[in-house]
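Letter 329 of the sequence shown, counting from 1, is numbered 329 in the UniProt record's numbering, and no numbers are missing. A virtual CB, placed ideally from N, CA and C, is assigned to each residue, including glycine. These numbers come from a predicted model, not from an experiment. What follows is one structure encoded as structure tokens, with my remarks underneath.
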Amino acid sequence: MPPIQSTVVPRHIQVQMDALRKQYHGLDSLISRLKTLTGSPLSVQQELARSAREESKAIESKIEDLRLLADEQDRELDRILVVAMLEKIETQFKQQQQALRQAILSSKQTIDREAKSERELLLKGSKSAIELSEIRRRGAGQGNDAEYMLNTSKEHNESLSRTLKLMQQEVERTAHSAKVIDESSKTLKATVGEYHAYDEVLKRGKTLITKLNQADWTDRLLIGFGLLVFSLVVMYILKKRIADRGISLIGYLFMPIRWFLSLLIPSLRAAPITPPSPETVSEMAGVIVEKAATAGTPVIKAAVDQIQMSARMVKAAEAAAAAAAAAALASQQTTASTAASSQPTSTVQGILGILDKIVGDGE
């Protein structure tokens, strides 16, 4: 297969083309071995034919992938160039497939022809044929062993390369995991430090809130006690300024109403008490004298003294009654009349009581 031109082909397509060219050369080598295969058993021919068919399928799959990549190109020039190259490759690949079929067929015919001739020689009993068959079998065995060892070595190399890649990936993954763990450890340490700081702040806040609550309750108690004292003081002041004076004011306020009712209803008026007349006093004096006459001389002197005192008291009572009557007519007739009437009555009763006592003592 001629080298593929790579003037303006994109890089990834050029890589695909190079891989396709290597596979193409590998298939050519297999075809050449099939064409020149002589003196080998049928198993070797079958193994080479199987490898050639697998390589042909891989090349066909690679061509399909390149065709898809050609359709995905943005520039029309690149797409046309890749399609033209693929057409040439497909033409050559078809020729190579025909050559592969011919090589497989010719190698099989050669092996069959050699096996037939060897069988005929063996049937004839020729010593040279037997030796030739033994040599071929040994050579085939040695060839198979060498090919088996080569394949085994190749498989071991591929396994080691895969293992190496896996180990590299695991090492990279382990390094990344260690880095992530290190970062996580730093984050956790920072988080723990922040939690400790928050814990200290919460403890201080709790202590501060407790002290504020205690101060709040103390302030409430002080304010309540102050309000209680203030209320008691205000109530005391109101009692002294309003309640005590209000009672007297109510009496003064009802005095005009009572006087007005006494004017409207005569029965509510208190009868004015007049002081005793001189005739009454003379009669009372006569009675006292009569009682004194029956009592004796010392008693009479005492009675006369009492009468004189009573006379003075009567005069004083008359003056007080006159003043009370004048005041009652001006402001409070009923109350003043009651107050004025009580004094003369009490005076007369006092005089009579004194005289009765004197008479009783004389008897």
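Secondary structure of residue i, DSSP reduced to three states
i	result
R75	coil
T36	coil
T338	Because T338 carries a pLDDT of 43, less than 50, the predicted location of this residue cannot be relied on, and no value is offered for it.
K179	helix
P10	coil
Neighbourhood of residue i by C-beta, 7 Å cutoff - its chain only, sequence neighbours within 5 removed
i	result
Q73	R79, V82
Q97	S56
I242	none
T207	none
I181	none
T335	Because T335 carries a pLDDT of 47, less than 50, the predicted location of this residue cannot be relied on, and no value is offered for it.
Contact with chain C by residue i, beta-carbon distance below 9 Å
i	result
R241	Given the protein chain composition of this structure (a single chain), no chain C is represented.
Contacts around residue i, its chain only, beta-carbon distance under 6 Å, and the 5 residues preceding and following it disregarded
i	result
L66	Q16, L86
A103	I31, L34, K35
L100	I31, A52
L20	K62
Q333	Its pLDDT being 49, under 50, Q333 is placed unreliably in this model, and the value from its coordinates should be taken loosely. Within the same chain, Q333 has no close Cβ partners at all.
K127	Unreliable placement is indicated for K127, whose pLDDT of 48 sits below 50; no coordinate value is reported for it.
W259	none
K154	none
Same chain, Cβ closer than 8 Å to residue i, neighbours up to 5 away in sequence not counted
i	result
P10	Q73, D78
L69	H12, I13, Q16, V82
T218	none
### Query
Counting Cβ pairs closer than 8 Å, one from the stretch 88–99 and one from the stretch 46–54, do we hit at least three?
Touching, no.
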